[in-house]
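What follows is one structure encoded as structure tokens, with my remarks underneath.
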Amino acid sequence: MHDTDTAEQAFRAARLGFQPWERTAADLNDPAHRARCDQLAAFAGAQIDPTAYVAPNAAIFTETLTLGPDCIIASHALLRGHLSFGAACSVNPFACVSGRVTMGQGVRIASHATLVGFNHGIVDTGTPMYRQKTHSLGIEIGSDVWIGANAVILDGARIGDGVVIAAGAVVRGVVPDFAIMGGVPARVLGSRRAAPPQVAAGPDLAGFAQRVSDQWRDVLAAHHGPQGYLSADASGAARPAIRHLCDAVELAAGFGVQDDLFGPGDIARLSDLQDPETGLFPDPYRQPDLTRPLREDPIALYNVLAVGYALECLGAAPRHPVRAVELSAADLCAWLEALPWTTNAWSAGATVDAIATGLYFNARYFTTQRAREVLLGWLSLNVDRSTGLWGGQDAAGSFLLPVNGFYRLTRGCYHTFGVPVPHPERVIDTILSHYRTHEGFTGTAANACNLLDVVHPLWLCLRQTDHRRREAEAVARKVRAAIPDLWQDGQGIAFAPGHAPGLQGSEMWLSVLFTASALLGEEDACVYQPRGVHRLTAAGLG
Numbered sequence: 153m154h155d156t157d158t159a160e161q162a163f164r165a166a167r168l169g170f171q172p173w174e175r176t177a178a179d180l181n182d183p184a185h186r187a188r189c190d191q192l193a194a195f196a197g198a199q200i201d202p203t204a205y206v207a208p209n210a211a212i213f214t215e216t217l218t219l220g221p222d223c224i225i226a227s228h229a230l231l232r233g234h235l236s237f238g239a240a241c242s243v244n245p246f247a248c249v250s251g252r253v254t255m256g257q258g259v260r261i262a263s264h265a266t267l268v269g270f271n272h273g274i275v276d277t278g279t280p281m282y283r284q285k286t287h288s289l290g291i292e293i294g295s296d297v298w299i300g301a302n303a304v305i306l307d308g309a310r311i312g313d314g315v316v317i318a319a320g321a322v323v324r325g326v327v328p329d330f331a332i333m334g335g336v337p338a339r340v341l342g343s344r345r346a347a348p349p350q351v352a353a354g355p356d357l358a359g360f361a362q363r364v365s366d367q368w369r370d371v372l373a374a375h376h377g378p379q380g381y382l383s384a385d386a387s388g389a390a391r392p393a394i395r396h397l398c399d400a401v402e403l404a405a406g407f408g409v410q411d412d413l414f415g416p417g418d419i420a421r422l423s424d425l426q427d428p429e430t431g432l433f434p435d436p437y438r439q440p441d442l443t444r445p446l447r448e449d450p451i452a453l454y455n456v457l458a459v460g461y462a463l464e465c466l467g468a469a470p471r472h473p474v475r476a477v478e479l480s481a482a483d484l485c486a487w488l489e490a491l492p493w494t495t496n497a498w499s500a501g502a503t504v505d506a507i508a509t510g511l512y513f514n515a516r517y518f519t520t521q522r523a524r525e526v527l528l529g530w531l532s533l534n535v536d537r538s539t540g541l542w543g544g545q546d547a548a549g550s551f552l553l554p555v556n557g558f559y560r561l562t563r564g565c566y567h568t569f570g571v572p573v574p575h576p577e578r579v580i581d582t583i584l585s586h587y588r589t590h591e592g593f594t595g596t597a598a599n600a601c602n603l604l605d606v607v608h609p610l611w612l613c614l615r616q617t618d619h620r621r622r623e624a625e626a627v628a629r630k631v632r633a634a635i636p637d638l639w640q641d642g643q644g645i646a647f648a649p650g651h652a653p654g655l656q657g658s659e660m661w662l663s664v665l666f667t668a669s670a671l672l673g674e675e676d677a678c679v680y681q682p683r684g685v686h687r688l689t690a691a692g693l694g
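Numbering-wise (our numbering), the sequence shown opens with residue 153 and increments by one.
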């Protein structure tokens, strides 16, 4: 053999490592390649289809590995953990796939992309980070997916079929079929399916944004007096409660301002409310029933959200863990089973919201045990598969309480922890039917709670599926378009028709506006972004 031929073969072998799609039958059957596959079968738990190709210098240190027909792994790709590739998948040079990752057919992983199907413990601040245990939710990827260069897919991601992940995107959570994802964190930029033209925000919304920007400080001042913040609540009455301060804090945070309005005294006042034994927050203006456990006081439960998130908005945190929610599996299940699912699913969902939020604060700032898994397990076993809700229709055939309870339950639990909602298509069907049954909530029913509890579940479920997206977007546009007319200059928005404007109504309606805009992919145009109870960013926590 001539030296030129030898050099050409060496060059082709090197090139094939970085462009393995050029493989031929001879390359697949080359003794060196067969030896690599045999070695991976013996030491890396590999099951490799005879038509799959593994390039020289691919770093494969898996515990189990399945490579389907026509898969290709390039040189300097790093594979670790428990991995399963369907037919015709490819991993380009310098990509990293680790942890528990399962994918369908035709998945393309570009150079320097990273798929991390595990997570590192961080909650135990008494243990060095490198000694904390890892845990894995795993990554699941459908078929015909393109993951761009330098993209990062985080543990727990569930990526549908036909998805495109843009270069540099950071993806977690559920990605619906045929979505185009981009950004940090990634969000849906579009769909590969045909979609109706987007209706841009009209001049009324642009003008409303300017009015709100100019007046929100005046609104806070209008509802502040010698005794602090006070305004009409959901009942229409102006009753003293700690929530008024929390609403003011959240409003300011939503406009990105805190320092010149609130300070250490406000943090101390909110922190001092927490009961050290239970971690709950009884309201200082309302004496709880001392004959019952504090966890049966709905105000003390709700204030886990109101006060806890207000403290976070102020850069602080609860002073004590919420011990009332750290229960054994048997005790937590007994609590859940005793909730009024059939008679008042809203109340039941609100309790779950408080439980889950307490577990979130514990996991983030203290320590937590296994109650979160028990909670999610119980909920998954007790959801109504035909509606996607917890609880059924009332005697009049209305889903009002289950729908509003669904919002509370999923907001605090599934959304906060970044866990997919069970049966999202059925939920969308139920919510749209509920919206039509109530004729879009007009008249006295057009309150912030009823509309938020329609828009948020649609937004949440459409992150997992495109089911009836056009109808949901039409609802979001209609809801959003009505909000500017609700604003009263210098006073804000009333929670419900006929009420006086107040802090609670203003914060909730601005959150409805943001959520409806997020459903339409237009949230960047909003001047107010909820950062407390109604925030759309999930905590995750693995």
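Each residue gets a CB set at the ideal place from its N, CA and C atoms; glycine is no exception.
Check your understanding: Could you give the residue range of the beta strand (DSSP E) that holds C248?
Key -> Looking at the DSSP string, the run of the beta strand (DSSP E) that includes C248 is C248 to M255.
Check your understanding: Below 8 Å between beta carbons: does that hold for S669 and R632?
Key -> Result yes, Cβ atoms of S669 and R632 sit closer than 8 Å.
**Study point:** For E292, the three-state DSSP class (helix, strand or coil)
**Key:** E292 falls in the strand class under three-state DSSP.
Point to revise | Identified DSSP bridge partners for S550 | key: The partner list for S550 (beta bridge, DSSP) is empty, contrary to what the question assumes.
Practice item. Inspect the beta-carbon positions of A502 and R444 and report whether they are closer than 8 Å. Key: Note that the C-beta distance between A502 and R444 is not below 8 Å.
Check your understanding: Exposed or buried, which one is A430 when buried takes at least 16 other CB atoms within 10 Å?
Key -> Contrary to the premise, residue 430 reads as Thr rather than Ala in this sequence. Burial state of T430 is buried, judged by a 10 Å Cβ sphere holding 16 or more other Cβ atoms.
**Study point:** Supposed close pair A523, E489 - CB separation, criterion 8 Å
**Key:** Rounded, the Cβ-Cβ distance is 15 Å, inconsistent with contact.
Check your understanding: For V679 versus S365, is the C-beta distance shorter than 8 Å?
Key -> V679 places its beta carbon less than 8 Å from that of S365.
Exercise for review: Give the straight-line distance between the Cα atoms of E174 and C613, rounded to the nearest whole angstrom.
Suggested key: One alpha carbon belongs to E174, the other to C613, and they sit about 42 Å apart.
Practice item. To the nearest angstrom, report how far apart V401 and I394 are at their CA atoms. Key: As the crow flies, the alpha-carbon of V401 is around 11 Å from that of I394.
**Study point:** DSSP three-state assignment for I305, whether helix, strand or coil
**Key:** In the three-state reduction of the DSSP assignment, I305 falls in the strand class, which pools E and B.
Exercise for review: Spatial neighbours of I332 within its chain, please: CB distance less than 6 Å, with the 5 preceding and 5 following residues excluded, ordered by chain position.
Suggested key: Scanning its chain for C-beta atoms nearer than 6 Å, with the 5 sequence neighbours on each side dropped, one finds around I332 the residues V316, L341 and G342, in chain order.
**Study point:** Buried/exposed call for E625, threshold 16 Cβ in 10 Å
**Key:** Flag for E625 reads buried.
Check your understanding: What is the rounded straight-line gap between the Cα of P172 and the Cα of P208?
Key -> C-alpha of P172 to C-alpha of P208: approximately 10 Å in a straight line.
Review point. R232 lies in the beta strand (DSSP E); which residues open and close that run?
Key: L230 to F237 is the span of the beta strand (DSSP E), which, as asked, contains R232.
Point to revise | Best match in G220, H185, F213 and G197 for proximity to V206 [C-alpha to C-alpha] | key: Nearest of G220, H185, F213 and G197 to V206, Cα basis: H185.
Practice item. Have a look at A338 and Q199 and give me their C-alpha separation to the nearest angstrom. Key: The C-alpha of A338 lies about 33 Å from the C-alpha of Q199.
Practice item. Check whether the Cβ of G342 sits closer than 7 Å to any heavy atom of the ligand GDP, and report yes or no. Key: Judged by which ligands are present, the structure shown has none, so any question about the ligand GDP falls away.
**Study point:** Reduced DSSP secondary structure (H/G/I, E/B, other) of P216
**Key:** The displayed chain sequence assigns Thr, not Pro, to residue 216. Looking at T216 - three-state DSSP - the assignment turns out to be strand.
Review point. Count the other CB atoms within 10 Å of the CB of G654; is the residue buried (16 or more) or exposed (fewer)?
Key: With 16 or more Cβ atoms within 10 Å of its Cβ, G654 is classed as buried.
Review point. Count the other CB atoms within 10 Å of the CB of H567; is the residue buried (16 or more) or exposed (fewer)?
Key: It counts as buried.
Review point. Hey, L511 and V459 are a contact pair by Cβ (cut 8 Å); roughly how many whole angstroms apart?
Key: That pair is no contact at about 16 Å.
Practice item. Could you pull the start and end residues of the beta strand (DSSP E) that S343 belongs to? Key: Note, S343: beta strand (DSSP E), R339 to S343.
Review point. Under the three-state reduction of DSSP, which class applies to I451: helix, strand or coil?
Key: Three-state result, I451: helix.
Review point. Would the beta-carbon of L491 fall within 8 Å of that of A500?
Key: Result yes, Cβ atoms of L491 and A500 sit closer than 8 Å.
Practice item. Can you check DSSP and say which residues form a bridge with L267? Key: L267 pairs with V249 and I305.
Point to revise | Y381 in three-state terms, based on DSSP | key: Y381 carries a strand assignment under DSSP once its states are collapsed to helix, strand and coil.
Exercise for review: May I have the straight-line CA-CA distance separating A210 from L235, to the nearest angstrom?
Suggested key: Spanning the two alpha carbons is a distance of roughly 15 Å.
Check your understanding: In terms of DSSP beta bridges, what is Y205 paired with?
Key -> Under DSSP, the beta-bridge partners assigned to Y205 are I224.
Review point. Would DSSP call V664 helix, strand or coil?
Key: It is helical.
Point to revise | Distance between H287 and W542 (C-alpha atoms, nearest Å) | key: Roughly 29 Å separates the two Cα atoms.
Review point. Is it buried or exposed for G334, if we count other Cβ within 10 angstroms and need 16 for buried?
Key: Counting Cβ neighbours within 10 Å, G334 comes out buried, since at least 16 surround it.
Check your understanding: How many Å lie between Q350 and G564 at the Cα?
Key -> Because Q350 carries a pLDDT of 47, less than 50, the predicted location of this residue cannot be relied on, and the following value inherits that uncertainty. Using only the alpha carbons, I get a separation of about 30 Å.
Exercise for review: Out of C248, A262, R363 and C241, point me to the one whose CA is closest to G644's CA.
Suggested key: The option with the nearest alpha carbon to G644 is R363.
Exercise for review: Can you have a look at N556 and say buried or exposed, based on whether 16 or more other CB atoms are within 10 angstroms of its CB?
Suggested key: Counting every other CB atom within 10 Å of its CB across the protein chains shown gives N556 a total of 16 or more, marking it as buried.
Review point. Ends of the beta strand (DSSP E) at G334?
Key: Where G334 is concerned, the enclosing beta strand (DSSP E) stretches over A331 to G334.
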